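*Asks:* Each step along the sequence shown adds one to the number in my numbering, with nothing skipped, and position 125 is 479.
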Amino acid sequence: MKIAIAKEVDAAEPRVAATPETVKKFKALGMDVAIEPGAGLKSGLLDSEYAVAGAIVSADAVKDADIVVKVKRPESSELSKYKKGALVIAIMDPYGNDAALKAIASAGVSAFAMELMPRITRAQVMDVLSSQANLAGYRAVIESAEAFGRAFPMMMTAAGTVPAAKVFVMGVGVAGLQAIATARRLGAVVTATDVRPAVKEQVESLGAKFLAVEDEEFKQAETAGGYAKEMSKEYQAKQAALTAEHIKKQDIIITTALIPGRPAPKLVSADMVKSMKPGSVLVDLAVERGGNVEGVKAGEVTDINGVKIVGFSNLAGRVAASASALYAKNLFSFIETLIDKATKSLAVKWDDELVKATALTKDGAVIHPNFQPKA
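Okay, here's the thing in structure tokens:
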């Protein structure tokens, strides 16, 4: 049984799907491990470290592999190298990418999307969205501090007092909570908002103030899976009115609102951006789905009348070593459930809830019910 660690073909992706630590764990499961040269270099991991852990470093690593692990969905040039029937496990970004899913199915591989892992107790250690969002929230604050040009904490000096920065976090999921915690550690005065009532207590426990229109719709604004529901136009208008005045007084805004499979909701209008003081900063974590901030540009820092809008994609990748370490553990924990430890062979239980939630393709077809080809 062979597992291959592929090098990312996207030059902008610095993460890697395994570390020397998880290579050792795969070896302990009885697996042969191969890795493409330079796969971990951008995460600070040398080929020699993988070799010491027991991996074979080879340009033909994916050849005849039973399992191929990646960070991002494989491209056509990669699929042609995989053997039919291989399991390919990555962050697949399947929403709105029907042609890519069809290509994966046509290649005859069984693809699994790690980001579709159900949010249940046994899958917490496999939750890629949480592990990567946690780091993205942290990095968002670091990026905002770099762009801000002023100190975060209040400083009392002989020459005068430097006021604390005011940070407003919009969307309090995993990324938002980490952004709050990081901004508080740096000494900022933090407020936060979210449409889900359950997070109010979490926000306040981190020392931030909660801001929301707390009406009946707000009280019902969370799905059974813990995601935010898309709110009505009426609620969005009320929330916008409440936040518009608040935004004028903020130094830094971090937006994190994402709804799986849909364009990111617009939380900050162009008028709101214009109302902010020159030198203020907005960091948009939803830029890959169109962004929460009007005027954001993917991969760029936009300056509008002295207000900076940071639109960097893949913020977790900007903390590549940490992101790779967590992602590799997520992957190992999932793959461990696909292995029969007694026979040390692949034993995918296709009726298992983890497999049913994440399996996209099998035997030349797209099998996930959410991504069936439209008639």
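Ideal Cβ placement from N, Cα and C applies to all residues, glycine included.
Computed from a predicted structure; not experimentally measured.
On the DSSP bridge assignment, give the partners of Phe522 in chain order.
*Replies:* Per DSSP, Thr545 and Ile607.
*Asks:* Determine the DSSP secondary structure at Phe466, reduced to helix, strand or coil.
*Replies:* Note: Phe466 maps to strand in three-state DSSP.
*Asks:* Please list the segments of the beta strand (DSSP E) lying wholly inside the region 666-722, counting only runs of 3 or more residues, in order along the chain.
*Replies:* If we require 3 residues or more, the region 666-722 turns out to have no beta strand (DSSP E) run fully inside it.
*Asks:* Check Met626 in the structure and name its three-state DSSP category.
*Replies:* Residue state, collapsed to three classes: helix.
*Asks:* Buried or exposed: which applies to Asp364, given that a residue is buried once 16 or more other Cβ atoms fall within 10 Å of its Cβ?
*Replies:* With fewer than 16 Cβ atoms within 10 Å of its Cβ, Asp364 is classed as exposed.
*Asks:* Which residue wins for smallest C-alpha separation from Ile474, given the options Pro723, Ala711, Gln726 and Lys728?
*Replies:* If we check each option's Cα against that of Ile474, Ala711 comes out closest.
*Asks:* Which residue's Cα is closest to the Cα of Thr376: Ala682, Ile721 and Ala701?
*Replies:* It is Ala682 whose Cα lies nearest to the Cα of Thr376.
*Asks:* When you compare each of Val422, Ser431, Lys437 and Gly439 to Ile445 by their alpha carbons, which one comes out closest?
*Replies:* If we check each option's Cα against that of Ile445, Val422 comes out closest.
*Asks:* On a CA-only basis, which of Ala499, Ile606 and Ala566 is nearest Pro551? Give me that one, please.
*Replies:* When each option's Cα is compared against that of Pro551, the closest is Ala566.
*Asks:* Beta-carbon within less than 7 Å of Leu470's beta-carbon, same chain only, minus the 5 sequence neighbours each way: which residues are those?
*Replies:* If we look at Leu470 and ignore the five residues flanking it on each side, its Cβ neighbours are Ala711 and Thr712.
*Asks:* Could you spell out the range, first to last residue, of the alpha helix (DSSP H) harbouring Ala533?
*Replies:* First-last of the alpha helix (DSSP H) with Ala533: Val528 to Arg539.
*Asks:* Would you call the region 444-464 in contact with the region 384-392, where contact means no fewer than 3 C-beta pairs closer than 8 Å?
*Replies:* They do not touch, by the three-pair rule.
*Asks:* Compare the C-alpha of Gly527 against each of Arg538, Ala701 and Ala546 and name the closest.
*Replies:* Comparing Cα-Cα distances from Gly527 to each of Arg538, Ala701 and Ala546, the minimum goes to Ala546.
*Asks:* Mind the definition here: the region 704-723 touches the region 512-525 only if three or more C-beta pairs lie below 8 Å; say whether that holds.
*Replies:* Taking 8 Å as the limit for Cβ pairs, the verdict is that the region 512-525 does not touch the region 704-723.
*Asks:* Would you say Met630 and Ala598 are within 8 Å of each other, going by their C-beta atoms?
*Replies:* Not in contact: Met630 and Ala598 (Cβ atoms no closer than 8 Å).
*Asks:* Within 8 Å, do at least three Cβ pairs link the region 662-670 to the region 644-654?
*Replies:* Touching, yes.
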